[in-house]
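Just below is one structure, and these are the notes that go with it.
Protein chains in written order, with my numbering: chain W, 22 to 271; chain P, 18 to 498.
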């Protein structure tokens with residue numbers, strides 16, 4: 022059984038058709054990159070997978086570990102192990118980062134019939150992951166993304182991912198706006214999550230992230246469908262030639 | 018958005034304190050005249066000066082008109098249809114200890130989450146419980162007495178400390194102040210009294226729980242807190258009422274006096290019955306609260322979490338007379354269903370270098386209407402006075418309203434007055450972010466609202482901050498738009 026199986030998926034946003042027959046399969050242990058020009062539907066795909074209100078599936082199907090994703094509420098998808106790293110993480114003033122993280126952790130554990138996480142153990146876990154992400158201790162007591170720089174927000178997304186250990190991480194342009202050192206830190210975070218049980222869907226504009234997180238497959242999303250798929254060399258080719266030739270072929 | 022039906026359900030959460038306790042009570046028939054005023058005074062065995070004081074207030078009240086300047090729509094109140102005195106009957110032989118208190122009454126407090134025994138002991142909180150209008154039991158009297166702190170019902174204070182009452186009563190809120198304060202002065206039946214002697218730091222948080230139980234009664238409590246030079250006291254009041262279809266009147270007066278270097282922290286967690294989801298019933302909360310920083314370097318801080326009442330009309334204020342005195346006001350007010358809140362503060366700067374801070378967080382949901390109304394007044398004598406005001410409003414759903422009425426009068430050019438205001442909605446982005454992390458919608462809204470109110474909630478005494486947060490959750494959970 023594949024981790025994620027998208028078949029002929031169509032979706033609208035505010036009545037406008039954005040996805041138009043996307044098919045894609047991610048197996049456990051694989052990292053897939055989705056590239057494509059602006060407006061091709063990359064972020065829409067991530068929101069449809071996560072179940073954002075207003076993003077409606079109009080055709081096709083999405084299965085997550087054999088379950089119909091569309092039948093699950095957004096929070097249930099998250100608890101089942103689907104994580105979305107947001108392109109623009111929102112600020113939630115006054116809510117501690119560590120508080121949100123713990124609430125998320127406990128929601129997941131509760132759904133799995135496990136007891137709440139021990140406060141001390143949890144803090145140790147978070148501290149360990151923060152170290153990996155080169156984040157300062159003071160971060161814990163700051164408001165969620167409150168006053169964070171663009172780079173800090175992206176690191177925070179990856180930190181949450183590492184703590185929650187999802188089965189499938191969909192990372193929406195987590196690399197954009199990062200300088201090279203931060204990019205490496207983020208890449209290290211993503212790589213540390215790679216395992217035989219997990220899958221990653223990397224949405225990116227740039228090949229440079231893929232130097233650090235090497236994908237098993239690369240797909241080009243254009244005009245709401247997968248226009249081309251290939252291995253890592255496809256990303257390099259796109260870097261050289263742009264997207265136009267793919268569109269022409271498609 | 019697609020989750021809206023869900024929201025309505027969540028918004029319709031019912032009031033958890035809406036039970037009635039079946040206790041024999043001594044209730045005066047409805048109506049108000051001089052005889053009623055005399056009856057109350059006689060019933061409470063008050064000294065002549067107080068009877069006269071009440072009558073003077075009553076006669077003046079007859080000449081006054083209900084205020085209608087607030088942004089509130091109020092059903093006409095028939096003052097002759099209200100009963101002005103209701104006491105649990107066994108009060109004739111007032112309980113001397115908790116063991117003597119009617120167990121049913123204690124059970125009521127248990128339901129309210131105020132188990133006098135356990136909670137008081139665990140939390141180190143002294144509780145004065147006012148049931149309808151009569152103070153039922155005051156815990157920790159002895160330990161407080163050792164420190165020289167007087168904490169008792171207002172009635173006891175009238176008997177045991179008449180000189181203090183005569184000296185201070187009505188000096189901060191005179192009976193001429195406003196219609197409801199006038200009415201209260203005439204008919205108040207009980208309340209709390211605190212006196213902290215010079216240099217004493219009150220060894221524990223003081224707390225009063227008010228509950229309106231009997232039908233057709235008004236509650237008119239009177240609280241007087243005096244902090245002598247160099248003293249410090251923190252006081253908390255909590256309020257609940259049963260669910261009834263008619264509106265009930267609550268018109269309290271609170272007076273605070275802080276002498277040189279004294280500090281009073283007054284916190285309120287108000288959860289009067291707000292009426293049902295169609296706006297039927299609920300408490301009319303018309304309250305006058307004022308503190309006077311009489312001495313140099315004195316400080317008065319008001320913190321309020323107002324989640325209940327059909328109508329809230331209250332403006333806890335500070336009169337900053339003493340040089341370098343400080344006034345603070347931290348407020349969270351919610352208006353859900355058809356609740357209306359018109360609340361804020363007045364900071365009157367008289368002394369030099371007086372400072373005030375106002376932080377107001379208004380939350381509106383359903384058809385709720387929430388107004389912040391504040392006055393910052395700097396008199397010519399207040400050289401170097403400073404004020405900082407921050408008013409934030411949070412809207413949930415499309416049918417509610419948030420309004421801000423800041424009044425600023427500055428008559429001293431050396432003063433600094435700052436005002437910041439914001440209005441926001443719980444954004445879909447914030448909510449979806451939390452959902453995507455697996456957090457339940459209700460929990461997410463609670464989290465976001467708590468975050469919004471954080472600067473106010475952190476001003477509450479620790480043991481009550483949690484309670485306040487829970488109350489907020491009950492009154493608003495799931496209310497998004």
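Virtual Cβ for every residue (Gly too), placed ideally from N, Cα, C.
Return helix, strand or coil for residue 125/W, following the three-state DSSP convention.
Stepping through the first chain from its first residue, residue 125/W is reached at position 104. Residue 125/W carries a helical assignment under DSSP once its states are collapsed to helix, strand and coil.
Just by C-beta distance, which residues in the segment 441-473 of chain P are closer than 8 Å to chain A?
Among the chains of the structure shown, chain A does not appear; the protein chains present are W and P.
Have a look at residue 205/P and residue 382/P and give me their C-alpha separation to the nearest angstrom.
As a first step, residue 205/P must be located in the second chain, where it is residue number 188. As a first step, residue 382/P must be located in the second chain, where it is residue number 365. One C-alpha to the other measures close to 34 Å.
For residue 271/P: DSSP bridge partner residues
Walking along the second chain from the start, residue 271/P turns up at place 254. Its beta-bridge partners are 240/P and 306/P.
Any chain P beta carbon closer than 8 Å to residue 107/W
Position 86 of the first chain, counted from the first residue, corresponds to residue 107/W. Proximity of residue 107/W to chain P, defined by a Cβ-Cβ separation below 8 Å, is satisfied.
Quick one, are the C-beta atoms of residue 189/W and residue 233/W less than 8 Å apart?
Here residue 189/W corresponds to residue number 168 of the first chain, with the count starting at 1. Here residue 233/W corresponds to residue number 212 of the first chain, with the count starting at 1. In this structure, residue 233/W does not lie closer than 8 Å to residue 189/W by Cβ.
Taking only beta-carbon atoms, is residue 113/W less than 8 Å away from chain P?
Within the first chain, numbered from 1, the residue matching residue 113/W stands at position 92. The beta carbon of residue 113/W sits closer than 8 Å to some beta carbon of chain P.
Give every residue of the same chain whose Cβ lies closer than 7 Å to the Cβ of residue 32/W, excluding the five residues on either side of it in the sequence, and list them in chain order.
Taking the first chain and counting its residues from 1, one reaches residue 32/W at position 11. Excluding sequence neighbours, residue 32/W sits near 39, 40, 65, 69, 76, 77, 78 and 79.
When the Cα of residue 459/P is compared with those of 479/P, 487/P and 207/P, which residue comes out closest?
Numbered from 1 along the second chain, position 442 holds the residue referred to as residue 459/P. Distance from the Cα of residue 459/P is smallest, within the candidate group 479/P, 487/P and 207/P, for 487/P.
Chain P residues whose Cβ lies nearer than 8 Å to that of residue 251/W:
For the purposes of this step, residue 251/W is taken as residue 230 along the first chain, with counting starting at 1. Within chain P, no residue comes near residue 251/W; the closest Cβ sits about 30 Å away, beyond 8 Å.
Does any residue of chain P bring its CB to less than 8 Å from the CB of residue 95/W?
Here residue 95/W refers to the residue found at position 74 of the first chain. So yes, residue 95/W belongs to the interface.
What are the boundary residues of the beta strand (DSSP E) that includes residue 174/W?
Position 153 of the first chain, counted from the start, is the residue given in the question as residue 174/W. Per DSSP, residue 174/W lies in no beta strand (DSSP E) segment; the continuous alpha helix (DSSP H) that holds it begins and ends at 171-185.
CB contact below 8 Å: residue 181/W versus chain P:
Taking the first residue of the first chain as 1, we reach residue 181/W at position 160. So yes, residue 181/W belongs to the interface.
Three-pair Cβ contact test at 8 Å for the segment 50-61 of chain W versus the segment 432-441 of chain P:
Not touching, per the Cβ criterion.
Using the beta-carbon count (16 or more within 10 Å), is residue 372/P buried or exposed?
Position 355 of the second chain holds residue 372/P. Answer is buried; the Cβ neighbour count reaches 16.
Among residues of its own chain, excluding the 5 on either side of residue 349/P, which ones have a beta-carbon nearer than 6 Å to its beta-carbon?
Along the second chain, one-based indexing puts residue 349/P at 332. Result list for residue 349/P: 322, 378, 470 and 473, in chain order.
Runs of 4 residues minimum, wholly inside the segment 125-155 of chain W: which ones carry the alpha helix (DSSP H) assignment?
List check, alpha helix (DSSP H) in window: 140-153.
Look up residue 361/P in the DSSP assignment and give the residues it is bridged to.
Start at 1 with the first residue of the second chain, and residue 361/P comes out as number 344. DSSP lists 390/P as partners of residue 361/P.
Spatial neighbours of residue 317/P within its chain, please: CB distance less than 6 Å, with the 5 preceding and 5 following residues excluded, ordered by chain position.
Here residue 317/P refers to the residue found at position 300 of the second chain. So the qualifying residues of the chain are 273, 275, 281, 308, 310, 335 and 344.
Judging by CA-CA distance, which residue of 174/P, 338/P, 75/P and 357/P is the nearest neighbour of residue 291/P?
Against the second chain, residue 291/P aligns to sequence position 274. When each option's Cα is compared against that of residue 291/P, the closest is 357/P.
Enumerate in chain order the residues of its own chain whose CB-to-CB distance from residue 286/W is below 7 Å, with the five nearest sequence positions on each side excluded.
A question about residue 286/W goes unanswered here, because the residues of chain W that appear run from 22 up to 271.
Is there a Cβ of chain P sitting closer than 8 Å to that of residue 164/W, yes or no?
For the purposes of this step, residue 164/W is identified with residue 143 of the first chain, where counting begins at 1. Closer than 8 Å to some Cβ of chain P, the Cβ of residue 164/W qualifies, so yes.
Verify the CB distance criterion: does residue 222/W have a CB-CB separation below 8 Å to chain P?
One-based indexing of the first chain puts residue 222/W at position 201. By this cut-off, residue 222/W is not an interface position.
Residue 78/P, enclosing beta strand (DSSP E) - first and last residue:
Numbered from 1 along the second chain, position 61 holds the residue referred to as residue 78/P. It is not in any beta strand (DSSP E) - residue 78/P instead sits in the alpha helix (DSSP H) that spans 65-79.
Give me, in chain order, the residues of the same chain whose beta-carbon lies closer than 6 Å to that of residue 136/P; leave out the 5 immediate sequence neighbours on both sides.
Position 119 of the second chain, counted from the first residue, corresponds to residue 136/P. Its pLDDT being 41, under 50, residue 136/P is placed unreliably by the model, and the measurement read from it follows with that caveat. None.
Could you tell me whether the Cβ of residue 18/W comes closer than 8 Å to any Cβ of chain P?
The displayed coordinates of chain W run from 22 to 271. Any statement about residue 18/W would go beyond what the structure contains.
For residue 372/P, does the three-state DSSP call read helix, strand or coil?
By 1-based counting over the second chain, the position of residue 372/P is 355. DSSP, reduced to helix, strand and coil, places residue 372/P within a strand of the structure shown.
Strictly under 8 Å for the Cβ-Cβ distance: is residue 99/W near chain P by that measure?
Your numbering for residue 99/W matches position 78 in the first chain. A Cβ of chain P is located within less than 8 Å of the beta carbon of residue 99/W.
How many angstroms separate the CA atom of residue 401/P from the CA atom of residue 332/P?
Counting from one through the second chain, the residue named residue 401/P turns up at place 384. Counting from one through the second chain, the residue named residue 332/P turns up at place 315. In this structure, the straight-line span from the alpha carbon of residue 401/P to that of residue 332/P is close to 25 Å.
Note down the Cα distance separating residue 36/W from residue 22/W, rounded to an integer number of angstroms.
By 1-based counting over the first chain, the position of residue 36/W is 15. By 1-based counting over the first chain, the position of residue 22/W is 1. When rounded, the distance between both Cα atoms is 33 Å.
Buried/exposed call for residue 174/W, threshold 16 Cβ in 10 Å:
For this step, residue 174/W is matched to residue 153 along the first chain. Classification for residue 174/W: buried.
Where does residue 169/P fall in DSSP's three states?
By one-based count along the second chain, residue 169/P stands at place 152. The answer is strand: DSSP assigns residue 169/P an E or B state.
For residue 209/P and residue 244/P, I'd like the C-alpha separation in whole angstroms.
On the second chain, residue 209/P is found 192 positions in, with the first residue counted as 1. On the second chain, residue 244/P is found 227 positions in, with the first residue counted as 1. Cα-Cα distance, rounded: 14 Å.
Nearest-angstrom Cα separation, counted from residue 28/W out to residue 106/W
Position 85 of the first chain holds residue 106/W. Position 7 of the first chain holds residue 28/W. Rounded to whole angstroms, residue 106/W to residue 28/W spans 23 Å at the Cα level.
If residue 220/P sits next to residue 165/P, beta carbons under 8 Å apart, how far is it from one beta carbon to the other, in whole angstroms?
Residue mapping note: residue 220/P aligns to position 203 of the second chain, counting from 1. Residue mapping note: residue 165/P aligns to position 148 of the second chain, counting from 1. By a beta-carbon distance limit of 8 Å, residue 220/P does not contact residue 165/P. Their separation comes to about 10 Å.
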